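S.K.: Below is a structure I'd like to ask you about.
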Amino acid sequence: MMQYEEKLLELMFDTDPQAVVKWIKTHPVLDQVDIYREYIVLLKRRLAQSGNTGKAGQEELYAAFEKQVDDYQETYLHAAVVQLECDLASERYGKALDAFDDAYTKFMNSIRSAVEANGPNVESLKATLRNIIAEQKKKGHYDPEDWYWLDEA
Numbered sequence: 057m058m059q060y061e062e063k064l065l066e067l068m069f070d071t072d073p074q075a076v077v078k079w080i081k082t083h084p085v086l087d088q089v090d091i092y093r094e095y096i097v098l099l100k101r102r103l104a105q106s107g108n109t110g111k112a113g114q115e116e117l118y119a120a121f122e123k124q125v126d127d128y129q130e131t132y133l134h135a136a137v138v139q140l141e142c143d144l145a146s147e148r149y150g151k152a153l154d155a156f157d158d159a160y161t162k163f164m165n166s167i168r169s170a171v172e173a174n175g176p177n178v179e180s181l182k183a184t185l186r187n188i189i190a191e192q193k194k195k196g197h198y199d200p201e202d203w204y205w206l207d208e209a
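Take 57 as the starting number for the sequence shown in the working numbering and just add one per residue.
Here is the structure:
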């Protein structure tokens with residue numbers, strides 16, 4: 057006996073012609089595919105029992121229904137894979153941003169220490185930093201909080 061046979065048989069004779077579809081849609085998508093496949097088997101069995109197996113176009117109709125179920129499953133699985141890929145990309149992007157933030161913080165701490173040490177190249181370093189600040193302003197990335205410690209900022 058199939059897993060959903062009893063319920064499907066009950067709903068096949070329901071007064072609501074959409075009863076089977078409504079019930080199937082209450083299940084998770086992958087279960088829906090299995091239920092539709094069982095439904096097709098039951099429909100074929102009922103047709104065979106009724107003696108109408110030679111009815112023109114019936115096999116083509118079932119084949120088309122089976123193809124729709126296959127397409128439905130494939131579309132769902134493709135969407136699930138795409139969602140997984142998006143989730144992974146988002147996770148990688150977050151990690152890359154974290155790594156960038158860490159590197160930027162280390163860079164800012166390093167250059168701040170170098171400027172505060174007032175070594176022999178401090179004026180050259182400050183000129184480079186002014187160029188960085190100008191570029192940040194030009195691109196709309198300037199944040200005065202990053203440069204509060206630099207007099208020329």
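The beta carbon of each residue, even a glycine, is placed where N, CA and C say it ideally should be. Predicted model, so just to flag it, every value in this text is computed and none were measured.
(1) In whole angstroms, what separates the C-alpha of M164 from that of D202?
(2) Candidates Q192, L206, R148, N187: which alpha carbon is nearest E172's?
(3) Find out if the Cβ-Cβ distance for the pair M68, V76 is shorter than 8 Å.
(4) Between which two residues does the alpha helix (DSSP H) harbouring N165 extend?
(5) Excluding sequence positions up to five away, which residues of its chain have a Cβ less than 6 Å from the Cβ of I80?
(6) Which of the three DSSP states is assigned to Q192 in this structure?
(7) What residue range is occupied by the uninterrupted alpha helix (DSSP H) comprising Y92?
(8) Please report how far the alpha carbon of H83 lies from the alpha carbon of G113, in whole angstroms.
M.R.: Answer, in terms of the structure:
(1) Taking the first residue of the sequence shown as 1, we reach residue 164 at position 108. Taking the first residue of the sequence shown as 1, we reach residue 202 at position 146. Near 8 Å, if we compare the C-alpha coordinates of D202 and M164.
(2) Numbered from 1 along the sequence shown, position 116 holds the residue referred to as residue 172. Closest by alpha carbon: L206.
(3) Within the sequence shown, residue 68 is the residue found at index 12, counting from 1. Within the sequence shown, residue 76 is the residue found at index 20, counting from 1. Contact flag set, yes.
(4) Translated into the one-based positions of the sequence shown, residue 165 becomes position 109. Residues 114-173.
(5) For the purposes of this step, residue 80 is taken as residue 24 along the sequence shown, with counting starting at 1. Contacts found: Q88, I91.
(6) As a working note, residue 192 is residue 136 in the sequence shown. Here Q192 sits in helix by DSSP.
(7) Position 36 of the sequence shown, counted from the first residue, corresponds to residue 92. Bounds of the alpha helix (DSSP H) holding Y92 are 85-106.
(8) Mapped onto the sequence shown, residue 83 falls at position 27. Mapped onto the sequence shown, residue 113 falls at position 57. Each residue's Cα considered, the two are about 30 Å apart.
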